[in-house]
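**Q**
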Ligand SMILES: Cc1cc2nc3c(=O)[nH]c(=O)nc-3n(C[C@H](O)[C@H](O)[C@H](O)COP(=O)(O)O)c2cc1C
């Protein structure tokens, strides 16, 4: 099972997550479980064979709700999910690097393997609803599809 977890406040990360879920579901036989960060927990983490995390960048780091999810699952999962593949997409106004680096640090602590660099979508707008362009949605679709196909093929 591929677990796709995200949080959104203004809808942009949700648009990317929907595209990633669609890409993953179309790519192979692997089950895709989509969860909002506040709904996701330890059982989801342990049951998954791979992870895709979607977050906005807030205050130069991971969105609070995604951080809350990671804080809840970190110690119960430590030592139990080592080596599993993961990647992420970050939705930002003009940066996004801090959120991606934050995710990488936490994933390194859990000894997960980043098997795809993921991507940062920079919208140029702050805290506003907007339509995410097709190019970014395509990136999200490809990312979901790559992870699902890799799991399906036993690559990771
Ligand atoms: C409290 C707050 C802090 C933010 N901090 C950053 C930031 O540090 N860097 C950045 O590029 N964008 C920042 N943004 C912009 C968000 O990343 C952007 O609005 C994003 O689209 C939100 O994702 P969402 O539409 O899924 O809620 C911030 C937005 C909010 C509301």
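Numbering (this note's numbering), first residue to last: 290 to 445.
Cβ atoms here follow ideal geometry from the backbone N, Cα and C, with glycine treated the same way.
Within the present structure, is the beta-carbon of residue 390 separated from the nearest heavy atom of ligand 1 by less than 7 Å?
**A** As a first step, residue 390 is located in the chain shown; it is residue number 101 there, counting from the start. Checking every heavy atom of ligand 1 against the Cβ of residue 390, none is found closer than 7 Å.
**Q** Applying the criterion that 16 or more other CB atoms from any shown protein chain within 10 Å of the CB defines a buried residue, is residue 348 buried or exposed?
**A** The count along the chain shown starts at 1 and reaches residue 348 at position 59. Exposed, because fewer than 16 other Cβ atoms sit within 10 Å of the Cβ of residue 348.
**Q** Taking the straight line between their C-alpha atoms, what separation do you get for residue 306 and residue 429?
**A** The count along the chain shown starts at 1 and reaches residue 306 at position 17. The count along the chain shown starts at 1 and reaches residue 429 at position 140. Each residue's alpha carbon lies about 7 Å from the other.
**Q** In the DSSP assignment, find the unbroken alpha helix (DSSP H) run with residue 430 in it and report its ends.
**A** Here the question's residue 430 lines up with position 141 in the chain shown. From DSSP, the alpha helix (DSSP H) with residue 430 extends over 423-441.
**Q** Within 10 angstroms of the Cβ of residue 296, are there 16 or more other Cβ atoms? Answer buried if so, exposed if not.
**A** Position 7 of the chain shown, counted from the start, is the residue given in the question as residue 296. Counting Cβ neighbours within 10 Å, residue 296 comes out buried, since at least 16 surround it.
**Q** With respect to the beta strand (DSSP E) encompassing residue 358, which residues constitute its N-terminal and C-terminal limits?
**A** Your numbering for residue 358 matches position 69 in the chain shown. Segment 353-366 is the alpha helix (DSSP H) holding residue 358; no beta strand (DSSP E) there.
**Q** Applying the 10 Å Cβ sphere with the 16-neighbour rule, what's the burial state of residue 346?
**A** Within the chain shown, the letter at position 57 stands for residue 346. Counting Cβ neighbours within 10 Å, residue 346 comes out buried, since at least 16 surround it.
**Q** Do residue 361 and residue 290 count as a contact pair if the criterion is CB distance below 8 Å?
**A** As a working mapping, residue 290 is identified with position 1 in the chain shown. As a working mapping, residue 361 is identified with position 72 in the chain shown. Not in contact: residue 290 and residue 361 (Cβ atoms no closer than 8 Å).
**Q** Return the CA-CA distance between residue 315 and residue 434, expressed in angstroms with no decimal places.
**A** Counting from 1 along the chain shown, the entry for residue 315 is found at position 26. Counting from 1 along the chain shown, the entry for residue 434 is found at position 145. Distance between the alpha carbons of residue 315 and residue 434 is about 7 Å.
**Q** Helix, strand or coil for residue 394, going by three-state DSSP, please let me know.
**A** For this step, residue 394 is matched to residue 105 along the chain shown. It is helical.
**Q** May I have the straight-line CA-CA distance separating residue 423 from residue 408, to the nearest angstrom?
**A** In the chain shown, the residue the question calls residue 423 occupies position 134. In the chain shown, the residue the question calls residue 408 occupies position 119. So the alpha carbons of these two residues sit roughly 14 Å apart.
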